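A.B. asks:
Number of protein chains: 2
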Amino acid sequence: MRYGVIGTGAIGGYYGAKLAQTGKEVHFLFHRDYAYVEEHGLQVDSCDGSFHLDKVNAYQSTAAMPVCDVVLVGLKSVNNHLLSELLPPLLKEDTLVVLIQNGIGIEEDVQKMFPTVQLAAGLAFICSAKTEPGRVNHQCYGYINIGNYSCKQQEKIDEVVDDFRKAGVDANEVEYLEARWKKAVWNMPFNGMTVALNTQTDILLQNPNTLQLVKDQMMEVVEAAQACGVTNIDEAFADKMIDNTVHMTPYSPSMKLDFDFHRPMETYYLYTRPIEEAKKAGYRMKKLEMLEAELRFLEEAHV
Amino acid sequence: MRYGVIGTGAIGGYYGAKLAQTGKEVHFLFHRDYAYVEEHGLQVDSCDGSFHLDKVNAYQSTAAMPVCDVVLVGLKSVNNHLLSELLPPLLKEDTLVVLIQNGIGIEEDVQKMFPTVQLAAGLAFICSAKTEPGRVNHQCYGYINIGNYSCKQQEKIDEVVDDFRKAGVDANEVEYLEARWKKAVWNMPFNGMTVALNTQTDILLQNPNTLQLVKDQMMEVVEAAQACGVTNIDEAFADKMIDNTVHMTPYSPSMKLDFDFHRPMETYYLYTRPIEEAKKAGYRMKKLEMLEAELRFLEEAHV
């Protein structure tokens, strides 16, 4: 199987490099890092063992890339409108596009852009960052869940999962909508609240007022998911997310890093869209509506 | 009538000085400003005409003050526990204590401390600040609403209203609980949100996201008031508050000043207590619960 990676950053860079390291054919689209990677290769500093790819199939444009069996999309979701130009050169009849992005409604929107392409959700559970050109810093975790959205070839999903596992990445197939909402249980409180209160996960959970607020917000996601037909998600799951985070290294979620570095925040797919979907299903996420408004205010004030 | 003022700051200082200026006998308790005022008197810089009181009945302790017919309390509500020591020397059998403070539940708590004292709520609609020792800066507005809580002498309430009017202060008698909740419609969104987002009233209302959020929070107060039995308050009142604020000079509410100057915030009577009262009446103020949690987090982080 030939892989393509669009958005070779903290996420796409890590997973693509892991596959390439075990000999898979992987073609990477780079933006600012192209010239550096052509000359120096790609470095992955990883808690699971660092490694370096001397020879990388690096491109500045997807027009120059070959068609692929599987495309991993690691773009920030704020750039998904670019897919209408970026994706077509990589597509053949049965290409599977795995959207390794956060949020709700992503597959639905990309499917509208490409009605016949096969899509899957990629849920990355990983702390990583691209700290400098050609260098991915993988701090901890790293597993990925794959949720089939519109792929008619089950064996292709199986093969992707298998390729990840052979590359040392813990991968599992999951139900796509349940997986997206489960990830939102963690994402929606922690991404936004660390921005709104300019803090980190551990400090939020040490204060009893914000601990309760995080729990309340998680329960809004649980209840929204239930309203949207996802039944296998409950209060115990929220409690487990809090407990996991208490025992996690103090962490700045991706939205906090985006805000601090004056990059656009993924407010639409992380907040606006799930809030809208829940509302359509008859449920109001009131505290998360407030958080969304605060984020949109802060982003405007911060530019 | 002999007046006493406890808490001679932006509020107590202004209203007490206005009464004294027209010849009323007013006795002022000072804290840090005592020596300065003894020597220099009290200055009021006012949009309605500035004036200076050369001779002020100033005290460092209520033990030295005479008993009074009316006591105006202009303390920050975070200091109300001090009333158990401050008030008794000023009380005679029919003293009326006017609590010129923001929030819900204040009369109820003070009445528990002094079961037989006559109480009224004072709702001050004024932009003023104590900017330096012995100097009150009155920027705009200035009217005061008086709501009888437990005063059995209607003529006394009438006389206070009359004294204020003769002193050039627009005063009116109102229904106490309705007046407190109506003031909360403005106070709860603007005090907390200017702290949470480090901004001013005008900027909050210019952003469509926070404009909607302010409106949502106002409607939570309206619905909480209705749940607590206050019927004469509705969406039109909230819209009027927003419209008034749009046309107001950009303003930092008292809680924002308290936060910026590292003084304790009136979170309990402005948020915790109304949220509790509404909850007891079966209504959850969800966005204002979130704001309360954010304020408690920020106050702890800010010390």
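Residue numbers (our numbering), protein chains in the order written: chain A, 17 to 319; chain B, 17 to 319.
Glycine included, C-beta positions come from ideal geometry on N, C-alpha and C.
Just so it is clear, the structure is predicted and the values come from calculations on it, not from any experiment.
List, from N- to C-terminal side, the alpha helix (DSSP H) runs of 4 residues or more that fit wholly inside the stretch 196-243 of chain B.
C.D. replies: Complete alpha helix (DSSP H) runs here, min 4: 217-222, 224-243.
A.B. asks: In angstroms with no decimal places, state the Cα-to-Cα distance between T265 (chain A) and K302 (chain B).
C.D. replies: Here the question's residue 265 (chain A) lines up with position 249 in the first sequence. Here the question's residue 302 (chain B) lines up with position 286 in the second sequence. The alpha-carbon atoms of T265 (chain A) and K302 (chain B) are separated by roughly 30 Å.
A.B. asks: Can you tell me whether S169 (chain A) is buried or exposed, with buried defined as 16 or more other CB within 10 angstroms of its CB?
C.D. replies: Here the question's residue 169 (chain A) lines up with position 153 in the first sequence. It is Gln, not Ser, that sits at residue 169 (chain A) in the sequence shown. Exposed, because fewer than 16 other Cβ atoms sit within 10 Å of the Cβ of Q169 (chain A).
A.B. asks: For the stretch 236-246 of chain A against the stretch 277-297 of chain A, are there 3 or more C-beta pairs whose distance is under 8 Å?
C.D. replies: The stretch 236-246 of chain A is in contact with the stretch 277-297 of chain A.
A.B. asks: Compare the C-alpha of M17 (chain B) against each of B:E41, B:D178, B:T24 and name the closest.
C.D. replies: Translated into positions along the second sequence, residue 17 (chain B) becomes position 1. Nearest option by C-alpha distance: B:E41.
A.B. asks: On the premise that V72 (chain A) lies in contact with V53 (chain A), defined as a C-beta separation below 8 Å, what is that separation, rounded to the nearest angstrom?
C.D. replies: Sequence index remark: in the first sequence, residue 53 (chain A) carries index 37 (1-based). Sequence index remark: in the first sequence, residue 72 (chain A) carries index 56 (1-based). Correct: roughly 5 Å between the Cβ atoms.
A.B. asks: Give me the Cβ distance between V133 (chain B) and L115 (chain B), rounded to the nearest whole Å; I'm assuming they're in contact under 8 Å.
C.D. replies: The residue labelled residue 133 (chain B) in the question sits at position 117 within the second sequence. The residue labelled residue 115 (chain B) in the question sits at position 99 within the second sequence. In fact, because the Cβ distance is near 11 Å, the residues do not count as touching under 8 Å.
A.B. asks: Go to H68 (chain B), then tell me how far its beta strand (DSSP E) extends in each direction, as first and last residue.
C.D. replies: Translated into positions along the second sequence, residue 68 (chain B) becomes position 52. Looking at the DSSP string, the run of the beta strand (DSSP E) that includes H68 (chain B) is 67-69.
A.B. asks: Going by beta carbon distance, what residues of the same chain come within less than 6 Å of W202 (chain A), once the five residues before and after it are set aside?
C.D. replies: Start at 1 with the first residue of the first sequence, and residue 202 (chain A) comes out as number 186. For W202 (chain A), where only same-chain residues beyond five positions count, the Cβ hits under 6 Å are M257.
A.B. asks: Counting contacts by CB-CB distance shorter than 8 Å, is N207 (chain B) in contact with chain A?
C.D. replies: By 1-based counting over the second sequence, the position of residue 207 (chain B) is 191. No, N207 (chain B) does not count as interfacial toward chain A.
A.B. asks: Using a Cβ-Cβ cut-off of less than 7 Å, give me the residues of the stretch 227-241 of chain A that come near chain B, in sequence order.
C.D. replies: Residues Q228, L229.
A.B. asks: Assuming G150 (chain A) contacts H56 (chain A) (C-beta within less than 8 Å), just tell me the rounded distance between them.
C.D. replies: If you number the first sequence from 1, residue 150 (chain A) lands on position 134. If you number the first sequence from 1, residue 56 (chain A) lands on position 40. Between H56 (chain A) and G150 (chain A) the Cβ distance is about 6 Å, and since that is below 8 Å, they are a contact.
A.B. asks: Counting only C-beta atoms, is E251 (chain B) closer than 8 Å to chain A at any point?
C.D. replies: One-based indexing of the second sequence puts residue 251 (chain B) at position 235. E251 (chain B) does not count as touching chain A.
A.B. asks: Can you name, in chain order, every residue of its own chain whose Cβ lies under 8 Å from the Cβ of V177 (chain B), other than the five neighbours on each side?
C.D. replies: Position 161 of the second sequence, counted from the first residue, corresponds to residue 177 (chain B). Result list for V177 (chain B): I162, A187, N188, E189, in chain order.
A.B. asks: If you check the beta carbons only, do T288 (chain B) and E315 (chain B) fall under 8 Å apart?
C.D. replies: Counting from 1 along the second sequence, the entry for residue 288 (chain B) is found at position 272. Counting from 1 along the second sequence, the entry for residue 315 (chain B) is found at position 299. No.
A.B. asks: So which residues on chain B does R312 (chain A) lean against when the C-beta distance must stay under 9 Å?
C.D. replies: Counting from 1 along the first sequence, the entry for residue 312 (chain A) is found at position 296. Within 9 Å Cβ-Cβ: N223, P224, N225, T226.
A.B. asks: Could you tell me the alpha carbon to alpha carbon distance between A212 (chain A) and M306 (chain B), rounded to whole angstroms?
C.D. replies: In the first sequence, counting from the first residue as 1, residue 212 (chain A) sits at position 196. In the second sequence, counting from the first residue as 1, residue 306 (chain B) sits at position 290. So the two alpha carbons sit approximately 12 Å from each other.
A.B. asks: Whose CA, out of B:D250, B:V21, B:F253, B:K108, lies closest to the CA of A36 (chain B)?
C.D. replies: Stepping through the second sequence from its first residue, residue 36 (chain B) is reached at position 20. Per the Cα distances, B:V21.
A.B. asks: List the endpoints of the continuous beta strand (DSSP E) containing I291 (chain B).
C.D. replies: Locating residue 291 (chain B) in the second sequence gives position 275, counting from the first residue. Element bounds for I291 (chain B): not the beta strand (DSSP E) but the alpha helix (DSSP H), 289-296.
A.B. asks: Taking the straight line between their C-alpha atoms, what separation do you get for E194 (chain A) and Y157 (chain B)?
C.D. replies: Position 178 of the first sequence holds residue 194 (chain A). Position 141 of the second sequence holds residue 157 (chain B). Answer to the nearest angstrom: the Cα atoms are 55 Å apart.
A.B. asks: Strictly by DSSP, which residues pair up with C156 (chain B)?
C.D. replies: In the second sequence, counting from the first residue as 1, residue 156 (chain B) sits at position 140. C156 (chain B) pairs with B:C143.
A.B. asks: Considering only the alpha carbon of each residue, which of A:P131, A:G208, A:L58, A:L221 lies closest to D276 (chain A)?
C.D. replies: Within the first sequence, numbered from 1, the residue matching residue 276 (chain A) stands at position 260. Comparing Cα-Cα distances from D276 (chain A) to each of A:P131, A:G208, A:L58, A:L221, the minimum goes to A:G208.
A.B. asks: Considering only C-alpha positions, which residue in the set B:A309, B:N214, B:V152 is nearest to L273 (chain B)?
C.D. replies: Along the second sequence, read from residue 1 onward, the residue named residue 273 (chain B) stands at position 257. Selected option, being the one with the closest Cα: B:N214.
A.B. asks: Bridge partners for G20 (chain A) per DSSP, in chain order?
C.D. replies: For the purposes of this step, residue 20 (chain A) is taken as the residue at position 4 of the first sequence. Answer is A:H43, A:V87.
A.B. asks: Do S144 (chain B) and Y19 (chain B) have their C-beta atoms within less than 8 Å of each other?
C.D. replies: Residue numbering aside, residue 144 (chain B) sits at position 128 when the second sequence is read from its first letter. Residue numbering aside, residue 19 (chain B) sits at position 3 when the second sequence is read from its first letter. Their beta carbons are not under 8 Å apart, which means S144 (chain B) does not touch Y19 (chain B) by this criterion.
A.B. asks: Out of B:D250, B:Y267, B:Q242, B:R196, which one is the CA nearest neighbour of Y299 (chain B)?
C.D. replies: One-based indexing of the second sequence puts residue 299 (chain B) at position 283. With distances taken between Cα atoms, Y299 (chain B) lies closest to B:Q242.
A.B. asks: In chain order, what residues of the same chain lie with their CB nearer than 8 Å to the CB of Q155 (chain A), ignoring the 5 residues before and after it?
C.D. replies: In the first sequence, residue 155 (chain A) corresponds to position 139, counting from 1. Counting only Cβ-Cβ distances below 8 Å, and skipping sequence neighbours, we find C63, C143, S144, A145, T265.
A.B. asks: DSSP puts V113 (chain B) in a beta bridge; with which residues?
C.D. replies: Here residue 113 (chain B) is taken as the residue at index 97 of the second sequence, counted from 1. B:V87, B:L135, per the DSSP bridge assignment.
A.B. asks: I want to verify the contact list: residues of chain A whose CB lies under 7 Å from the CB of A309 (chain B), in sequence order.
C.D. replies: Counting from 1 along the second sequence, the entry for residue 309 (chain B) is found at position 293. Here the neighbours are N225, T226, Q228, L229.
A.B. asks: Rounded to a whole number of angstroms, what is the C-alpha to C-alpha distance between S100 (chain A) and G184 (chain A)?
C.D. replies: Along the first sequence, read from residue 1 onward, the residue named residue 100 (chain A) stands at position 84. Along the first sequence, read from residue 1 onward, the residue named residue 184 (chain A) stands at position 168. Distance between the alpha carbons of S100 (chain A) and G184 (chain A) is about 32 Å.
A.B. asks: Using a Cβ-Cβ cut-off of less than 8 Å, list which residues of the stretch 285-308 of chain B approach chain A; keep chain order.
C.D. replies: Result list: K302, K303, E305, M306, L307, E308.
A.B. asks: On the premise that Y285 (chain B) lies in contact with I120 (chain B), defined as a C-beta separation below 8 Å, what is that separation, rounded to the nearest angstrom?
C.D. replies: For the purposes of this step, residue 120 (chain B) is taken as the residue at position 104 of the second sequence. For the purposes of this step, residue 285 (chain B) is taken as the residue at position 269 of the second sequence. That pair is a contact at about 6 Å.
A.B. asks: Does any C-beta atom of chain B lie closer than 8 Å to the C-beta of A254 (chain A)?
C.D. replies: For the purposes of this step, residue 254 (chain A) is taken as residue 238 along the first sequence, with counting starting at 1. So no, A254 (chain A) is outside the interface.
A.B. asks: Please check if any C-beta of chain A sits within less than 8 Å of the C-beta of A200 (chain B).
C.D. replies: The count along the second sequence starts at 1 and reaches residue 200 (chain B) at position 184. Taking Cβ atoms only, chain A never reaches closer than 8 Å to A200 (chain B), which makes this a no.
A.B. asks: Which bits of chain A does A212 (chain B) rub up against, with CB to CB less than 9 Å?
C.D. replies: As a first step, residue 212 (chain B) must be located in the second sequence, where it is residue number 196. Simply A212, L213, E310.
A.B. asks: Just how far apart, CA to CA, sit T10 (chain A) and R48 (chain A)?
C.D. replies: The structure shown has nothing for residue 10 (chain A), since chain A only spans 17 to 319.
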